[in-house]
Structure formats: C-alpha cells, structure tokens
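S.K.: This is the structure I want to talk about, given as structure tokens.
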Amino acid sequence: MFQKLSLLVSYLKMEDESIRINEISDCRQRAIICKKPNLSSSQIFKSICNTVINYPHLTKYEKKYLINDIIRIRDAQNVIENTGERRKCEYCNNQVIAITYCESCIRDYLKSDFSKWTAGSVKIDKLIQECQINSVSPSDIFEWIPFENFTNLEFREEGDFSLIYVATWRNGPFTEWDTEKQELKRNGGGSFVLKNLKNSRTIDEKWLKNIRDKQAM
5 MFQKLSLLVS
15 YLKMEDESIR
25 INEISDCRQR
35 AIICKKPNLS
45 SSQIFKSICN
55 TVINYPHLTK
65 YEKKYLINDI
75 IRIRDAQNVI
85 ENTGERRKCE
95 YCNNQVIAIT
105 YCESCIRDYL
115 KSDFSKWTAG
125 SVKIDKLIQE
135 CQINSVSPSD
145 IFEWIPFENF
155 TNLEFREEGD
165 FSLIYVATWR
175 NGPFTEWDTE
185 KQELKRNGGG
195 SFVLKNLKNS
205 RTIDEKWLKN
215 IRDKQAM
C-alpha cells in the first residue's frame with residue numbers, strides 16, 4: 005500500500021503513559037477558571053502557574069510537565085500575536101519575544117538545513133520552507149520526514165480524506181531548542197499517528213492551501 009519513498013505526513017504524538025492526562029487537564033482547567041479578572045498577561049501567567057504548583061493531585065513531575073507546557077504555549081502565542089516584552093538574543097543579537105528560546109535562532113537554524121533535504125517536489129519544498137521560516141515554537145515545526153524513518157507501520161482506519169496509520173518514528177519530532185549548542189533537539193522517538201492524504205498525488209494550489217491551513221491551526 006505504501007511505496008518506499010518519502011511521504012508528507014501529519015503526525016500526532018501519542019499520550020505518554022507516565023503522564024496522567026486527565027489529571028493534568030483537570031488542573032489546567034482549574035487554573036484557567038481560578039485566574040482573577042483585570043490582570044495583565046504576566047499576572048495571569050503567574051496566577052496559573054501558582055495554581056498548578058499548589059494543586060494537590062499532581063506529582064512533582066506532572067506539575068513540571070504542565071508548567072513547561074504552559075510556558076511553551078505562552079511563548080508561542082506571544083510570537084504569533086507579536087506581543088509581550090522583547091529581549092535581545094545574546095547569540096543572534098535580534099530582538100525576540102519568546103523567553104525559553106529564540107525564534108530567530110530557530111528559523112536561521114532551519115534555513116541552514118534547506119539544502120540538506122528535499123521532498124522531490126519544488127512546490128512541497130517551498131511550502132515546508134515557508135512554514136519553517138515562520139516557526140513560532142521548537143515543538144511545532146513542520147518538516148519533511150523520509151519514509152524510512154518510520155517502523156512498525158500499522159493501518160488503523162480510513163477517513164474521508166486520508167488513510168490513518170500508527171507507526172514508530174525513530175528519532176521523533178523536534179521538541180526543544182538547545183541554546184548553548186544552537187540546535188534543535190528531538191525527543192528520541194515514539195508512536196505517532198500518520199495520515200496518508202488521498203489526494204496527495206495532485207499537488208495544486210488548493211492542495212497546498214489545505215496544508216497551509218492545517219499547519220496554521
């Protein structure tokens with residue numbers, strides 16, 4: 005069913021069994037509900053983090069996981085909306101918004117790798133490059149993944165517009181930015197959901213727009 009060539013895939017990390025997703029979701033909702041009105045964005049952020057720290061039903065690891073996730077989301081949202089205080093990156097000297105990483109350094113890093121990969125289609129290459137130079141977070145990067153990087157492929161179901169599979173991604177997606185090494189780090193692999201788009205052989209402007217819209221969500 006799959007040919008041995010590179011595929012453009014949409015992926016979703018499957019739930020980490022060591023994390024109690026339901027408990028974390030309950031804590032996140034409580035933190036959002038408990039935030040006081042008429043606060044600045046930084047005060048709201050501190051209020052949410054304090055609620056998480058004092059939540060009695062999470063382990064220390066789960067609290068750290070959730071706070072890191074909240075910080076990541078806040079950084080990405082600020083970059084998207086171009087809001088928040090700017091700081092000067094000590095490496096690229098650009099004025100940037102994110103606190104836990106430098107969005108400018110990440111984009112430069114991705115640009116430097118443009119010549120090291122290809123999807124075999126100029127249109128798809130340009131689409132991926134366009135997405136990468138507008139990346140807002142190290143854990144939300146659109147990239148080309150060679151098919152041979154996946155193992156243990158299993159068919160799950162057929163949707164209206166795609167075939168759904170589960171597979172092991174050997175090295176996994178980018179998850180964080182290493183400031184000292186000035187490089188993106190991956191999570192070491194795991195099980196992911198893959199979508200084989202039924203109309204992926206017809207690459208026209210409508211198809212490219214559909215991919216752009218999905219990436220922007």
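Each residue of the sequence shown is one higher than the one before, counting from 5 in our numbering. Beta carbons are placed, not taken as given, at the ideal position from N, Cα and C, and that holds for glycine.
Round the Cβ separation of Tyr105 and Pro142 to the nearest angstrom and send it over; I've been treating them as touching at under 8 Å.
M.R.: Contact flag correct, Cβ pair sits at about 6 Å.
S.K.: Expressed to the nearest angstrom, what Euclidean distance is found between the alpha-carbon atoms of Pro177 and Leu188?
M.R.: Cα to Cα, Pro177 sits roughly 10 Å from Leu188.
S.K.: In the region 28 to 74, which residue ranges form an unbroken alpha helix (DSSP H) of at least 4 residues, counting only runs that do not cross its ends?
M.R.: Runs found: 45 to 57.
S.K.: Please name the residue in Phe196, Leu212, Asn98, Arg91 whose C-alpha comes closest to that of Lys160.
M.R.: Per the sequence presented here, residue 160 reads as Arg, with Lys not at that position. Ranking the options by Cα distance to Arg160, first place goes to Phe196.
S.K.: Taking the C-alpha atoms as reference points, what is the distance between Lys202 and Trp211?
M.R.: Using only the alpha carbons, I get a separation of about 11 Å.
S.K.: For Lys202, which of helix, strand or coil comes out of DSSP?
M.R.: Three-state DSSP puts Lys202 in coil, outside helix and strand.
S.K.: So, is Ser139 buried or exposed, given that buried needs 16 or more other C-beta atoms within 10 angstroms?
M.R.: With 16 or more other Cβ atoms within 10 Å, it is buried.
S.K.: Classify Phe118 as helix, strand or coil using the three-state DSSP reduction.
M.R.: The answer is helix: DSSP assigns Phe118 an H, G or I state.
S.K.: In the DSSP assignment, find the alpha helix (DSSP H) that holds Lys185 and state where it starts and stops.
M.R.: Note, Lys185: premise wrong, no alpha helix (DSSP H); not H, not E.
S.K.: Compare the beta carbon distance of Arg24 and Glu85 with 8 Å and say whether it is the shorter of the two.
M.R.: In this structure, Glu85 does not lie closer than 8 Å to Arg24 by Cβ.
S.K.: Check whether the Cβ atoms of Thr55 and Arg76 lie closer than 8 Å to each other.
M.R.: No, these two residues do not count as a Cβ contact at 8 Å.
S.K.: Buried or exposed for Asp79, please, with buried defined as at least 16 other CB atoms from any protein chain shown within 10 angstroms of its CB.
M.R.: Classification for Asp79: buried.
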